[in-house]
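Colleague: Residue numbers (full-length UniProt numbering): 1 to 203. C-beta: ideal position from N, C-alpha, C; glycine also. Have a look at the structure that comes next, please.
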């Protein structure tokens, strides 16, 4: 019988217990002396930025940054700033959005299937900042190259609509109409905003 006064040895040492959470990705630093830290998505991607480009781009973001009940003071490793948690958003799209607003476009993005631009467009729609992203978005549209599948064209068609790029909306729409002769409702049913997508089917 064990002596009740003698503690049992653990079966596994604490330092050998594997972590249940993956390591967060490297911080994405657009402004080393930035005053705002975004923590985005389930991966907890840290994005360090200046707050003023975001505040100028979107009244919704401006209110969130100013709201004392929202962002909390936090030490970001560079300077004392503020933090906004955006756990429901896509981290890659936020990095592109912030890069555009800071005048630092990324040149190594995978634009092959249109998904990144589609997600960026939905983010712009959510935070009402499409007007501020137009020039940067058109830069990425111009780098897409030749899209293969019809569904990829559809994503870019919707993205151009959300991002208010009339030039690429017409260009992609013409390609889509030339390559697909059936109902677009099958694509609309997969879109995030079904109402907008069905409206586009009539364009």
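1. Quick check: what's the CA-CA separation for residue 141 versus residue 83?
2. Check whether the Cβ atoms of residue 124 and residue 162 lie closer than 8 Å to each other.
3. Hey, how far is the Cα of residue 88 from the Cα of residue 105?
4. To the nearest whole angstrom, what separates the beta carbons of residue 129 and residue 57, a pair I think is in contact under 8 Å?
5. In three-state terms, what does DSSP make of residue 170?
6. Please report the residue range of the beta strand (DSSP E) in which residue 60 lies.
7. When we look at the beta-carbon of residue 121 and count the other beta-carbons within 10 Å, is it buried (16 or more) or exposed?
8. At what residue ranges does the stretch 114-172 contain a whole run of the alpha helix (DSSP H), taking only runs of 4 or more?
9. On a CA-only basis, which of 158, 165 and 154 is nearest residue 178? Give me that one, please.
10. Can you give me the Cβ contacts of residue 131 inside the same chain, cut-off strictly under 6 Å, excluding the 5 residues immediately before and after it?
11. Is residue 71 helix, strand or coil by DSSP?
12. Compare the C-alpha of residue 135 against each of 175, 96 and 127 and name the closest.
13. Within 10 angstroms of its Cβ, does residue 174 collect 16 or more other Cβ (buried), or is it exposed?
14. By Cβ distance below 7 Å, which residues in the same chain neighbour residue 55 in space, the five residues on each side in sequence not counted?
15. Name the DSSP beta bridge partners of residue 100, please?
16. Of the choices 133, 127, 138 and 24, whose alpha-carbon is the least far from that of residue 111?
17. What is the rounded straight-line gap between the Cα of residue 99 and the Cα of residue 159?
18. Looking at the secondary structure, which residues open and close the beta strand (DSSP E) in which residue 37 lies?
19. In the structure shown, what three-state DSSP assignment does residue 85 receive?
Modeller: Checking against the coordinates, here is how it stands:
1. Those two C-alpha atoms are separated by around 31 Å.
2. Contact: yes.
3. Distance between residue 88 and residue 105, taken at the CA atoms: about 23 Å.
4. With a Cβ gap of about 4 Å, residue 129 and residue 57 count as contacting.
5. It is helical.
6. It is not in any beta strand (DSSP E) - residue 60 instead sits in the alpha helix (DSSP H) that spans 59-66.
7. Residue 121 comes out buried.
8. Listed in chain order, the complete alpha helix (DSSP H) runs (minimum 4 residues) inside the stretch 114-172 are 115-127, 130-141 and 150-162.
9. Selected option, being the one with the closest Cα: 154.
10. Listed in chain order, the non-local C-beta contacts of residue 131 below 6 Å within the same chain number zero, local neighbours out to five positions each way being set aside.
11. With a pLDDT of only 47 at residue 71, under 50, the local geometry of the prediction cannot be trusted, and the value read off the model is given with reservation. Residue 71 falls in the coil class under three-state DSSP.
12. When only C-alpha atoms are compared, the closest one is 96.
13. So residue 174 counts as exposed.
14. The residues 61, 62 and 65, in chain order, have a CB closer than 7 Å to that of residue 55 in the same chain once the five nearest residues on each side in sequence are set aside.
15. DSSP, once it has assigned bridges, lists no residue as partnering residue 100.
16. Of the listed residues, the one whose Cα sits closest to residue 111 is 138.
17. Residue 99 and residue 159: Cα-Cα distance of roughly 18 Å.
18. Element bounds for residue 37: 36-40.
19. Strand at residue 85.
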